[in-house]
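To start, the structure under review is shown below, and the notes come after it.
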Amino acid sequence: MEILRNITRHKLRSFLTISGIVIGVLALTTMGALAENFNALIDGGVKYFGSSIQVGPPDGQAANLIPMSKIDEIKKVEGVQAAFPGYQFQAKPGGAIVVSFGIPDTITAVDPDENNYSALKVTYAEGRGVTSGSHGEVALGSTIAKEFKKRVGDSIDLPVRPADAKPDFVNHTFTVVGVLNETKTAPDTFAYINIADGQMLLRDSLPATLRSSIDVTQITEGISVYGKPGTSLSDLDKVADRINSQVTGVKALRPSDLVNGFKSGGAIFTAITTAAALLALVIGGLSVVNTMFMAVAERVREIGLKKAVGATTMNVMSEFLIEATLIGLIGGLLGYGFGVLIVVSRNTLFAPADGSSLFLITPALTIFAIGFATVLGAVAGVLPAWRAARLDPVIALRND
Amino acid sequence: MAGVQLVNLTKHYKRGSEVIRALDGVTLKIDRGEFVAVVGRSGSGKTTMLDLLGLLLKPTAGSLVIDDVETTRLSDRERAHTRARKVGFVFQEYNLLSGLNVLENVMLPQRYVKDGEAGKRRAIELIERVGLTDRIKHRPTELSGGQMQRVAIARSMVNRPSLILLDEPTGAVDTETAQQLVDLLKRLNREDQVTIVLVTHDLDIAAQASRQIRLKDGKVLADEMVAAPVPA
Numbered sequence: 009m010e011i012l013r014n015i016t017r018h019k020l021r022s023f024l025t026i027s028g029i030v031i032g033v034l035a036l037t038t039m040g041a042l043a044e045n046f047n048a049l050i051d052g053g054v055k056y057f058g059s060s061i062q063v064g065p066p067d068g069q070a071a072n073l074i075p076m077s078k079i080d081e082i083k084k085v086e087g088v089q090a091a092f093p094g095y096q097f098q099a100k101p102g103g104a105i106v107v108s109f110g111i112p113d114t115i116t117a118v119d120p121d122e123n124n125y126s127a128l129k130v131t132y133a134e135g136r137g138v139t140s141g142s143h144g145e146v147a148l149g150s151t152i153a154k155e156f157k158k159r160v161g162d163s164i165d166l167p168v169r170p171a172d173a174k175p176d177f178v179n180h181t182f183t184v185v186g187v188l189n190e191t192k193t194a195p196d197t198f199a200y201i202n203i204a205d206g207q208m209l210l211r212d213s214l215p216a217t218l219r220s221s222i223d224v225t226q227i228t229e230g231i232s233v234y235g236k237p238g239t240s241l242s243d244l245d246k247v248a249d250r251i252n253s254q255v256t257g258v259k260a261l262r263p264s265d266l267v268n269g270f271k272s273g274g275a276i277f278t279a280i281t282t283a284a285a286l287l288a289l290v291i292g293g294l295s296v297v298n299t300m301f302m303a304v305a306e307r308v309r310e311i312g313l314k315k316a317v318g319a320t321t322m323n324v325m326s327e328f329l330i331e332a333t334l335i336g337l338i339g340g341l342l343g344y345g346f347g348v349l350i351v352v353s354r355n356t357l358f359a360p361a362d363g364s365s366l367f368l369i370t371p372a373l374t375i376f377a378i379g380f381a382t383v384l385g386a387v388a389g390v391l392p393a394w395r396a397a398r399l400d401p402v403i404a405l406r407n408d
Numbered sequence: 021m022a023g024v025q026l027v028n029l030t031k032h033y034k035r036g037s038e039v040i041r042a043l044d045g046v047t048l049k050i051d052r053g054e055f056v057a058v059v060g061r062s063g064s065g066k067t068t069m070l071d072l073l074g075l076l077l078k079p080t081a082g083s084l085v086i087d088d089v090e091t092t093r094l095s096d097r098e099r100a101h102t103r104a105r106k107v108g109f110v111f112q113e114y115n116l117l118s119g120l121n122v123l124e125n126v127m128l129p130q131r132y133v134k135d136g137e138a139g140k141r142r143a144i145e146l147i148e149r150v151g152l153t154d155r156i157k158h159r160p161t162e163l164s165g166g167q168m169q170r171v172a173i174a175r176s177m178v179n180r181p182s183l184i185l186l187d188e189p190t191g192a193v194d195t196e197t198a199q200q201l202v203d204l205l206k207r208l209n210r211e212d213q214v215t216i217v218l219v220t221h222d223l224d225i226a227a228q229a230s231r232q233i234r235l236k237d238g239k240v241l242a243d244e245m246v247a248a249p250v251p252a
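These protein sequence lines are chains A and B, in that order.
Quick note: the first sequence uses my numbering, first residue 9, plus one each step.
Quick note: the second sequence uses my numbering, first residue 21, plus one each step.
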């Protein structure tokens with residue numbers, strides 16, 4: 009109680025000091041939430057690309073197409089357990105190019121069996137996944153379902169017709185058979201269809217002059233290759249190397265290269281955002297140091313008295329340390345509270361039309377933001393508390 | 021039955037090349053329950069002696085025994101613990117904490133006595149004995165000088181110390197209030213058998229103690245029993 013009274017004794021000074029911490033933690037919370045959201049996206053990529061080998065056309069090939077026969081060749085390579093074709097299309101073609109922290113809405117044609125091999129498992133909040141023998145079915149990621157306000161049983165035209173679409177623009181009506189649970193990563197903005205429907209969209213996307221001359225059932229845009237369950241990243245790299253040496257006309261990317269690319273991108277982004285926020289917080293911490301030194305200077309007689317009535321060096325030191333820590337904690341809680349308010353407002357009240365979220369509050373971020381502010385307060389109080397504890401009681405008692 | 025024993029107690033300070041002999045080889049015995057007044061001019065060593073008795077200062081030489089404990093060899097932590105349990109302080113400027121009320125100020129020394137049996141009840145009892153029950157929730161700024169000094173006296177006794185040290189306790193109050201405070205001290209001294217060492221310039225106050233020690237230049241100039249101290 010006395011410590012709280014000491015803090016409220018100089019209301020304006022305490023308000024300004026705590027405000028410094030609040031601003032720092034607010035920055036840390038919002039920047040951290042931005043980084044956490046980005047890292048969740050990255051983690052999805054790491055999980056998916058760390059458990060499979062992506063095979064595409066060889067370097068220099070203009071079209072992103074591979075003969076379907078390559079799948080059988082790849083399956084013969086040592087260490088390969090499964091290989092699946094895949095197609096991807098823009099769900100909203102013709103949109104303006106904007107800088108985004110998320111993954112754009114994408115139509116993804118996959119073999120339903122692939123989910124059994126991928127480390128990035130998708131699960132369904134309602135309904136089910138598409139089946140290989142069906143036609144015109146789609147399972148929507150949580151964000152894309154929210155964006156288009158679709159539930160199981162609804163229908164959706166894909167790709168979405170742009171406002172300025174040409175007369176020959178073609179799309180198809182799909183029935184929503186499932187809505188995925190939120191993953192905070194790629195599947196949230198994906199519309200999953202089966203391979204046959206993917207080939208139908210591929211045919212639509214080809215130039216009119218080529219449509220009749222290409223058998224889309226014999227080509228794929230890419231191949232996802234899986235090893236036996238539990239195959240390590242380095243072993244997958246070796247499988248990728250074997251594919252490159254044994255199968256012509258394709259290029260297998262080493263999973264570790266993709267994973268490292270994702271990780272380094274995430275680390276740089278986290279470092280930049282967190283460092284900026286920590287800088288703001290450390291500046292706030294310096295104001296705590298200043299305030300605590302002033303508090304010690306003002307309470308010299310009080311310190312002398314406490315020593316006279318039996319306070320040890322540790323007693324005096326801990327009183328000032330607790331006070332500084334409490335300033336950090338109050339600032340941390342308020343800053344975090346305001347930060348969450350901003351983040352939640354942005355994600356809900358001012359959510360973008362595509363339903364994506366820019367920020368992600370995680371338990372780790374919560375502990376880090378409040379914990380760092382509290383520890384910073386404690387650290388900021390060490391020097392002033394040490395000075396207080398070392399005061400000579402005889403001099404302190406007679407201080408004017 | 022010596023409560024406090026000083027043997028050749030010495031405190032020297034260095035000021036540049038000059039050595040200040042604040043207390044110069046004082047040897048004294050103060051029995052438990054005595055009411056001692058220490059008088060002398062400014063610079064005679066009164067306050068230094070009080071600070072040494074209160075273990076706020078370490079002597080340059082000599083021995084100081086309080087309740088059979090040789091205190092000069094104690095660590096800082098042990099000295100703090102001894103202060104908390106055995107010594108009470110009263111200062112001229114009261115030194116009450118403005119953010120605490122009367123009860124909280126009286127209870128302040130209890131924070132530093134982990135196994136202290138004196139709790140809130142002891143503090144309330146002392147406040148009653150110094151006649152401030154109706155002011156128990158008041159802040160120091162709402163009290164007169166005499167009332168603040170009563171709070172300080174109650175605070176000095178809350179941990180049942182064997183020795184209470186008072187540094188010019190009547191220096192900031194009028195004559196009538198000063199006499200009331202001395203009467204209170206005499207009563208507490210008699211009722212609790214607590215040893216009181218009071219430093220004062222006021223010879224009228226000193227005359228009411230059971231013993232007077234006169235210091236000059238850091239040495240004991242006179243040490244005499246007062247013939248018939250006036251009971252409170």
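The beta carbon of each residue, even a glycine, is placed where N, CA and C say it ideally should be.
Computed from a predicted model, the values in this text were never measured in an experiment.
- For N14/A, the residues of chain B that pass the 7 Å Cβ criterion are G119, in the order they occur in the chain.
- If you look at G135/A, you'll find it in the beta strand (DSSP E) that goes 132 to 135.
- In the three-state reduction of the DSSP assignment, Y344/A falls in the helix class.
- Around the beta-carbon of M9/A, fewer than 16 other beta-carbon atoms lie within 10 Å, marking it exposed.
- Nearest CB-CB separation between V133/B and chain A: below the 8 Å threshold.
- With fewer than 16 other Cβ atoms inside 10 Å of its own Cβ, I276/A counts as exposed.
- For T220/B, there is no enclosing beta strand (DSSP E), as DSSP gives it neither H nor E.
- Against chain B, a Cβ distance below 7 Å from L20/A picks out nothing, because the smallest value is about 17 Å.
- Beyond the five residues adjoining it in sequence on each side, A388/A comes within less than 6 Å, by CB distance, of G293, V296, V297, A332 in the same chain, given in chain order.
- Using beta-carbon distances, L218/B does not count as an interface residue toward chain A, since no partner is under 8 Å.
- Cβ neighbours of I82/A within its own chain (closer than 7 Å, five residues either side excluded): V63, V88, A91, I231, V233, I251, V255.
- Residues of chain B whose Cβ lies closer than 8 Å to the Cβ of V348/A do not exist; the shortest such Cβ separation is about 33 Å.
- Between Q98/A and the set Y200/A, I29/A, R17/A, the nearest pair of CA atoms involves Y200/A.
- If only uninterrupted beta strand (DSSP E) runs of at least 3 residues are considered, those enclosed by the segment 81 to 118 of chain B are 81 to 86, 107 to 110.
- Setting aside the 5 residues that flank it on each side, I164/A is surrounded in the same chain by V146, F156, K158, F182, V184, each with a C-beta closer than 7 Å to its C-beta; the list follows chain order.
- A283/A has its alpha-carbon roughly 18 Å from the corresponding atom of I369/A.
- Using a Cβ-Cβ distance cut-off of 8 Å, the segment 49 to 59 of chain B and the segment 200 to 220 of chain B are in contact, since at least three pairs of beta carbons, one from each stretch, lie closer than that value.
- A303/A has a beta carbon lying at 8 Å or more from every beta carbon in chain B.
- Here the alpha carbon of K259/A sits roughly 12 Å from the alpha carbon of L73/A.
- Secondary-structure assignment with DSSP links V240/B through a beta bridge to L235/B.
- In this structure, G191/B keeps its C-beta atom at 8 Å or more from the C-beta atom of Q130/B.
- Unbroken beta strand (DSSP E) runs of no fewer than 3 residues, entirely contained in the segment 178 to 245 of chain A, are found at 180 to 188, 198 to 201, 230 to 234, following chain order.
- Per DSSP, the unbroken alpha helix (DSSP H) holding I144/B starts and ends at 140 to 149.
- Using a Cβ-Cβ cut-off of 7 Å, A143/B is close to nothing in chain A; its nearest Cβ partner there is about 13 Å away.
- Nearest to G102/A by C-alpha distance, out of P120/A, A171/A, P75/A, is A171/A.
- Taking 8 Å as the threshold, the shortest C-beta distance from R395/A to chain B does not fall below it.
- Think of a sphere of 9 Å around the beta carbon of N323/A: the chain B residues whose beta carbon falls inside it are A100, R131, Y132, in chain order.
- Secondary-structure assignment with DSSP links K83/A through no beta bridge to anything.
- As a beta-bridge residue in DSSP terms, T116/A pairs with Q96/A, Y200/A.
- Counting along the chain, no alpha helix (DSSP H) covers T370/A, and no H or E run does either.
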